[in-house]
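Asker: Below you'll find the structure I mean.
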Amino acid sequence: MIWLDTLVQGILLGGLYALFAAGLSLVFGIMRLVNLAHGDLIVMAAYLILLLVTLLGLSPFVAAAIAAPLMYLIGWGLQKHLLNRTLGTDILPPLLVTFGLSIALQNALLEGFSADSQRLPTGEISTASVDLGVMTVGVLPLLTFGSAVAVIVGLNQLFYRTELGRAFRATSDDPTTASLMGIRPSDIFAKATAIAMLVVTLAALYLGMRSNFDPNIGPARLIYAFQAVIIGGLGSLWGTLAGGIIIGLAQTIGAAINPEWQILAGHVAFLIVLLLRPRGLFPRAFD
Amino acid sequence: MSILELKNVSKAFGQLKVTDDVSFAVPEGQALGIIGPNGAGKSTLFNLITGNLTADTGTIAFEGTDVTKVPAMQRCFAGVGRSFQIPQPFDNLTVFENLLVAAMHGRNTNQAAVEQACADILLQTELMPVANAPASGLSLLQRKRLEMARALATDPKLLLLDEIAGGLTDAECVALIDTIKSIHARGVTIIWIEHVLHALTSVVERLLVLDFGKVIGIGAPDEILNRQDVREIYLGIDV
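This is the structure we're talking about:
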């Protein structure tokens, strides 16, 4: 029974990692941009939610709903005015610029909020659970996983059922030809990053409700997100969910064997998948 | 009235001048053929007209407006559509989606009108049977047709066709010519780069010859193809 509980907890933890990774996967899938500041943007969104909770006395969910459009605008501006300038045939400029952005964000958050560990107030939801008969599952982990699935389904619908999604896929295929069809790739990229920031806000909400955070935890979230994206196959949204679940499962199984092995087990699982399937589990047909 | 007018347009890559002081005008509704040996600068000329490349010197006017520095996207809005010599469909999209994305962004109209227009273009270009197939799985003829269909989806006033008959069988070529003729009959101005001369001359009213980036002749097809210097350029090709 303990092992069944461990497996379920691992899958649910995978939902959180999938949320960390979905925005990264979206941006990479459309513009082949690796955003090294992704983890720090999640932490920044968590602080934004905390600020709204503290100043306005809102619940974290309402605060996240207010933070989401703000993050959307930040994402749009960031891509439009900074990251678009780095895109081209050379892969180095976006890496350098987002690395610099990561450092700047960490230091700005440190300056603004100190190094003290913070947590979003959750109320009763953090201890609420659902009795499934054979085991009891926390409401918050269930909600996190459900949100991750909803995000993946939503992004897939956006990609394959809307005009914006068609423009995303066309620009991803060939930005030069897309511009000859009247598409402005820089605008499409800005919208993609803006939407990724909506997912980042949701990830930040659950991060802040489920664990402590401080200005320096961004890079570790980036690594989990990266691992989930790469395990799933670069640019594949369902693959990203699968990747998150694999990392979550590996970490909880590792922790069940020995609490010190939790993080290590996730990295080992990542290495094993890389060795067996270097292009990930669900690689896109066209890169 | 000229729909397109180039005046003294030049473009160089390093020391290599690929477009050299090119000037010509295309009256609205005309079909102009462009011929020239490989490396003559034909596709570069198209890239300059569509805005993929910017001219070093000279001016390009579309419908009387100077578009020399206007980006490709805005030239598409203005009414310039093109197909590529090597088909470049959006492989991750279906055939119908390829047209939809071009129509939604390339022309300002509502969704219902766009879908109907795309359906009409699919019929016209004989792509309806593969409308929902991924573009990545098409045959060469279908990919060439998709190139043309996607350009048409932007509702162009000027359609640039880049070696669209290349690599096709005679039967496929005949079918493609019929489609191009029907597009031209609707009043769309066409500029067509082509090596398959019998296909080209069955459609165009004027021929322009490029060599080493320079215009060496422009006029009626018979007159141009009977010129000694043009025949020398095409030595070995049965005209």
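Quick mapping for you: the protein sequence lines, in order, are chains H and F.
Residue 94 in UniProt numbering sits at position 94 of the first sequence; the count goes up by one each step and never skips.
Residue 104 in UniProt numbering sits at position 104 of the second sequence; the count goes up by one each step and never skips.
C-beta atoms are modelled at their ideal positions from N, C-alpha and C, and glycine is treated no differently.
Which stretch, first to last residue, makes up the beta strand (DSSP E) that contains H/Ser59?
Answerer: If you number the first sequence from 1, residue 59 of chain H lands on position 59. Counting along the chain, H/Ser59 falls outside any beta strand (DSSP E), and DSSP gives it neither H nor E.
Asker: Hey, how far is the Cα of F/Glu126 from the Cα of F/Lys7?
Answerer: Residue numbering aside, residue 126 of chain F sits at position 126 when the second sequence is read from its first letter. Residue numbering aside, residue 7 of chain F sits at position 7 when the second sequence is read from its first letter. One C-alpha to the other measures close to 38 Å.
Asker: Determine the burial state of H/Ile49: buried for a count of at least 16 other Cβ atoms within 10 Å of its Cβ, exposed for fewer.
Answerer: If you number the first sequence from 1, residue 49 of chain H lands on position 49. Result: buried.
Asker: Check this for me: beta carbons of F/Val26 and F/Leu4, under 8 Å apart or not?
Answerer: Here residue 26 of chain F corresponds to residue number 26 of the second sequence, with the count starting at 1. Here residue 4 of chain F corresponds to residue number 4 of the second sequence, with the count starting at 1. Yes, they are a contact pair.
Asker: Taking 8 Å as the CB-CB limit, is H/Thr176 close to chain F?
Answerer: Counting from 1 along the first sequence, the entry for residue 176 of chain H is found at position 176. Yes, contact with chain F.
Asker: Tell me whether F/Val239 is buried or exposed, calling it buried when 16 or more other Cβ atoms sit within 10 Å of its Cβ.
Answerer: The residue you call residue 239 of chain F lines up with position 239 of the second sequence. For F/Val239, the predicted model reports a pLDDT of 47, less than 50, meaning its position is unreliable; a value from the coordinates is still stated below. Classification for F/Val239: exposed.
Asker: Would you verify that the beta carbon of F/Asn92 is, or is not, closer than 8 Å to some beta carbon of chain H?
Answerer: Residue mapping note: residue 92 of chain F aligns to position 92 of the second sequence, counting from 1. Chain H, which has a Cβ nearer than 8 Å to the Cβ of F/Asn92, makes this yes.
Asker: Please classify H/Ile103 as buried or exposed, where buried requires at least 16 other C-beta atoms within 10 Å of its C-beta.
Answerer: Your numbering for residue 103 of chain H matches position 103 in the first sequence. That one is exposed.
Asker: Does the distance from the CB of H/Asp40 to the CB of F/Asn92 come in under 8 Å?
Answerer: Taking the first residue of the first sequence as 1, we reach residue 40 of chain H at position 40. Taking the first residue of the second sequence as 1, we reach residue 92 of chain F at position 92. Their beta carbons are not under 8 Å apart, which means H/Asp40 does not touch F/Asn92 by this criterion.
Asker: Any beta carbon from chain F within less than 8 Å of H/Arg184's own beta carbon?
Answerer: Here the question's residue 184 of chain H lines up with position 184 in the first sequence. Cβ-Cβ to chain F under 8 Å: yes for H/Arg184.
Asker: Comparing the C-beta of F/Leu127 with each C-beta of chain H, is any distance below 8 Å?
Answerer: Locating residue 127 of chain F in the second sequence gives position 127, where the first residue counts as 1. By this cut-off, F/Leu127 is not an interface position.
Asker: Given a cut-off of 8 Å on the beta-carbon distance, is the pair F/Val204 and F/Gly33 in contact?
Answerer: For the purposes of this step, residue 204 of chain F is taken as the residue at position 204 of the second sequence. For the purposes of this step, residue 33 of chain F is taken as the residue at position 33 of the second sequence. Cβ atoms of F/Val204 and F/Gly33: closer than 8 Å.
Asker: Less than 8 Å separating the beta-carbons of F/Ala55 and F/Lys11?
Answerer: Residue numbering aside, residue 55 of chain F sits at position 55 when the second sequence is read from its first letter. Residue numbering aside, residue 11 of chain F sits at position 11 when the second sequence is read from its first letter. Yes, these two residues count as a Cβ contact at 8 Å.
Asker: What residues in the region 76–109 of chain F have a beta carbon less than 7 Å from any beta carbon of chain H?
Answerer: Cβ contacts with chain H: Cys76, Phe77, Arg82, Gln88, Phe90, Asp91, Asn92, Leu93, Glu97, Leu100, Val101, Ala102, Met104, His105 and Gly106.
Asker: Using a beta-carbon distance below 8 Å, is F/Asn8 in contact with chain B?
Answerer: In the structure shown, chain B cannot be found, because the protein chains are H and F.
Asker: Cβ closer than 7 Å: which chain F residues qualify as neighbours of H/Ala170?
Answerer: Mapped onto the first sequence, residue 170 of chain H falls at position 170. In chain order: Phe90, Leu93 and Val101.
Asker: Against chain F, which members of the region 57–74 of chain H pass a CB distance test of less than 7 Å?
Answerer: Here the close residues number zero.
Asker: Please list, in chain order, the chain F residues whose beta carbon lies closer than 7 Å to that of H/Ala192.
Answerer: Mapped onto the first sequence, residue 192 of chain H falls at position 192. Within chain F, no residue comes near H/Ala192; the closest Cβ sits about 15 Å away, beyond 7 Å.
Asker: Output needed for residue 289 of chain H: all residues of its chain with C-beta closer than 6 Å, excluding positions within five of it in sequence on either side, in chain order.
Answerer: Since the first and last residues shown for chain H are 1 and 287, residue 289 of chain H lies out of range.
Asker: Using the C-alpha atoms, what's the distance from F/Trp192 back to F/Asn110?
Answerer: Taking the second sequence and counting its residues from 1, one reaches residue 110 of chain F at position 110. Taking the second sequence and counting its residues from 1, one reaches residue 192 of chain F at position 192. Using only the alpha carbons, I get a separation of about 30 Å.
Asker: Assuming F/Val114 contacts F/Lys157 (C-beta within less than 8 Å), just tell me the rounded distance between them.
Answerer: As a first step, residue 114 of chain F must be located in the second sequence, where it is residue number 114. As a first step, residue 157 of chain F must be located in the second sequence, where it is residue number 157. Between F/Lys157 and F/Val114 the Cβ distance is about 18 Å, and since that is not below 8 Å, they are no contact.
Asker: 8 Å is my cut-off, CB to CB: does H/Asp287 come that close to chain F?
Answerer: Taking the first residue of the first sequence as 1, we reach residue 287 of chain H at position 287. For H/Asp287, the predicted model reports a pLDDT of 39, less than 50, meaning its position is unreliable and no value from the coordinates is stated.
Asker: Step through the CB atoms of chain H and report whether any lies within less than 8 Å of the CB of F/Asn132.
Answerer: Counting from 1 along the second sequence, the entry for residue 132 of chain F is found at position 132. False, the Cβ-Cβ gap to chain H never drops below 8 Å.
Asker: Are the region 18–30 of chain H and the region 230–242 of chain H touching, with three or more C-beta to C-beta distances below 8 Å?
Answerer: Yes: at least three Cβ pairs fall under 8 Å.
Asker: In the DSSP output, what is H/Ser129 paired with across the bridge?
Answerer: By 1-based counting over the first sequence, the position of residue 129 of chain H is 129. Paired residues: H/Gly138.
Asker: Can you find the residues in the same chain that come closer than 8 Å, C-beta to C-beta, to H/Asn156, ignoring five residues on each side of it along the sequence?
Answerer: Counting from 1 along the first sequence, the entry for residue 156 of chain H is found at position 156. Correct list, in chain order: Leu237 and Trp238.
Asker: Taking DSSP's pairing of strands, which residues face F/Lys214 in a bridge?
Answerer: Start at 1 with the first residue of the second sequence, and residue 214 of chain F comes out as number 214. In DSSP, F/Lys214 forms a bridge with F/Asp211.
Asker: Considering only the beta carbon of each residue, do F/Ser43 and F/Gln88 sit closer than 8 Å?
Answerer: In the second sequence, residue 43 of chain F corresponds to position 43, counting from 1. In the second sequence, residue 88 of chain F corresponds to position 88, counting from 1. No, the Cβ-Cβ distance between F/Ser43 and F/Gln88 is not below 8 Å.
Asker: Would a C-beta distance cut-off of 8 Å place H/Leu4 and H/Val130 closer than the cut-off?
Answerer: Residue numbering aside, residue 4 of chain H sits at position 4 when the first sequence is read from its first letter. Residue numbering aside, residue 130 of chain H sits at position 130 when the first sequence is read from its first letter. No. Outside cutoff.
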